Structures are given as structure tokens and as C-alpha cells.
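Protein chains in written order, with UniProt numbering: chain S, 1 to 155; chain H, 1 to 155.
I have placed the structure first, in the form of C-alpha cells, so that the comments after it can refer back to it.
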């Protein structure tokens, strides 16, 4: 078993543990220099927080606890392809490498096989999208941004 | 000033407050039945957490504190168009309505005017993207999902 498989096995074990804890079956392991430095499992139900996915939850806890916010030298192992939200979080911390097991297309195929209440599938398969109104007080909003940028201009 | 503008003014004031606190200039207000029920400002630097945006931070705190995870009857006012990550969070809580001021295209235009260190712009304008390896232990990963779905099948 190579190193990628070893850490993926750990991520999958966390996914099983998440389900055993009444959450959804997703786990993640953060690795640096060949060693696991942080792990997390999905906690959306136990934390009553729909954003507490394995990946996004790991990122916020790891960064908050260690003060490290640049993960360009880290690899994240995820038992399943990260969702839209978590993918955004991975970009914000400049993650160096992502390794995942099952993909979202695999999940979609499973959905067709079985009736399923997994919220991960809500994203692609549900009509839940907010109504959007844009441009309200746009100029005032821009003024704050402009002031900030002027105060933080490069050089 | 109509109701949308009133709440947007509050979101913009929070954005100014965030900058005053050494964070980036973004604020958000959650509204139900015409009343503000929760507010949040960007805290990425003070929390050393790059995911602590005004919107995603508001969602996780509000849900965690109240136990409410379905925001289909709520409106979120954001001083600026939510990023990729926060947009995902808004879908996970089934947000009913989103109202924002400046848009991401406005931000991009400001970037062209001024040198700028605002991380919000990193997303669209930087080369930071993780290297991705997919399908590691895919079958084992799928087995966990399949077991979960079977245990949570509808009907």
C-alpha cells in the first residue's frame, strides 16, 4: 500500500466513524512531510452546522488552532470529492495537493441506485437556490472597499 | 430608504468595522420577518482562519448557536457578492434570499485601479490551485457511502 492509500484509508476510517456518530460519512486527513498533522470527520448534525463538513471543518480548526493559514506545503486526503463550499475553502488556504477517493459522479450514480437522504447530494440535485438581488447600495459598498484598498495598496 | 437599503447599510457598517478591527472589509446581516436576527463581520486575520468570511462565519455561528439549519425563510444581506465558498454555504442552509451590494466584477475593476492585498481577489486572480489526485481507494470509499445510503434509504 503506497502512502496515498495509507492516508486515504485513514480518511475512510474517519468517514465510517462520522456515520457511527450520527453524521454523514465523510472524513479528511491533513498531511505535511509524510505525517498526518490533523484529522476531522463530518459533524453537520452533532454540531447543528451544515457547513461542518470534513474538509471545511478541518481547515478552520487547524488554522484557528495553529495560526497557520498557508497550506501550500500540505496535502489533504478526503474520502470523497470536496463540495463547492469546501473546494473554496481549500483555495483560500492555498492547499498544495488534494487527494480524494470517490468522486461526485460516483455519488450521483449511487443516488440513482438507492433512495438517499445524504445532504451532499442536495447540492447538485435540489432546487434550493436563493433568490438573488444585487447592487443594493452598490456605491456605498464600493466606497468601503475602495478605502480599504487605498489603505492597503501594494508598495 | 427601503428595507433592503436599511439592512444593506447595516452590512456595510459591519464591513467598515471589520476593516477597523484589522480584518477585510466585509459584513453580513441575517434577517427574518423584517428583523435582523444575526450579524457577522469578516474575521480572517483576528481568528487566523481564512474561512471566517462574513457570510460563512455567520452561517456556522447562527446554526451552531440556534440549532436552526434551514434558512429558507431568511434573507442574507452581504456588503459584497459572496465568494465561491460562502455561496456553497448558503446553498447548504437553503437560504431563501440573498441581497448584496458590490459585485465581484466591481472588485475586479477596483483591482485594476489600485494595487491591492485583499485576499478576496486571490480567488479569481491567483494561480493557487491544489494539484488533484482522484480515485485513490475509490472502491473502499464508495463502500462506506453505499452502506450509509442503504441505512438511510428513503421509505
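The C-beta atom is built at its ideal place from N, Cα and C for all residues, glycine as well.
The structure presented is a predicted model; accordingly, all values stated were derived computationally and were not measured.
Around the Cβ of residue 72 of chain H, a 10 Å sphere holds fewer than 16 other Cβ atoms; the residue is exposed. For the pair residue 33 of chain S and residue 26 of chain S, the Cα-to-Cα distance works out to about 24 Å. A Cβ of chain H is located within less than 8 Å of the beta carbon of residue 100 of chain S.
Listed along chain H are 48 and 50, each with a C-beta nearer than 7 Å to that of residue 69 of chain S.
Shown here, residue 103 of chain H sits in coil according to DSSP, grouped into three states, outside any helix or strand.
Not a single CB atom of chain S sits nearer than 8 Å to the CB of residue 30 of chain H. Minimum Cα-Cα distance from residue 56 of chain H among the listed residues H:22, H:36, H:20 and H:95 corresponds to H:95. In the structure shown, residue 83 of chain H adopts coil according to DSSP, grouped into three states.
Taking C-beta atoms under 8 Å as the contact rule, residue 105 of chain S and residue 12 of chain S fail to qualify, at a distance of about 18 Å. H:141 is the residue among H:110, H:38 and H:141 whose C-alpha sits nearest the C-alpha of residue 110 of chain S.
For residue 148 of chain H, the residues of chain S that pass the 8 Å Cβ criterion are 19, 24, 25 and 118, in the order they occur in the chain. Using a Cβ-Cβ cut-off of 8 Å, residue 141 of chain S counts as an interface residue toward chain H, since at least one Cβ of chain H sits closer than that to its own. With respect to residue 19 of chain H, residue 45 of chain S sits apart: the two C-beta atoms are not nearer than 8 Å. Where residue 38 of chain H is concerned, there is no enclosing alpha helix (DSSP H), although the beta strand (DSSP E) around it starts and stops at 35-41.
The closest CA to that of residue 65 of chain H, considering only S:42, S:145 and S:50, is found on S:50. With a 10 Å radius around the Cβ and a threshold of 16 neighbouring Cβ atoms, residue 41 of chain H comes out buried. Residues of chain H whose Cβ lies closer than 8 Å to the Cβ of residue 107 of chain S are, in chain order, 145.
Taking 8 Å as the CB threshold, residue 4 of chain S lines the interface with chain H. A residue is called buried once 16 or more other Cβ atoms fall within 10 Å of its Cβ, and residue 108 of chain S, having fewer, is exposed.
Within chain S, the residues whose beta carbon sits less than 8 Å from that of residue 110 of chain H are 142, 145, 146 and 149, listed in sequence order.
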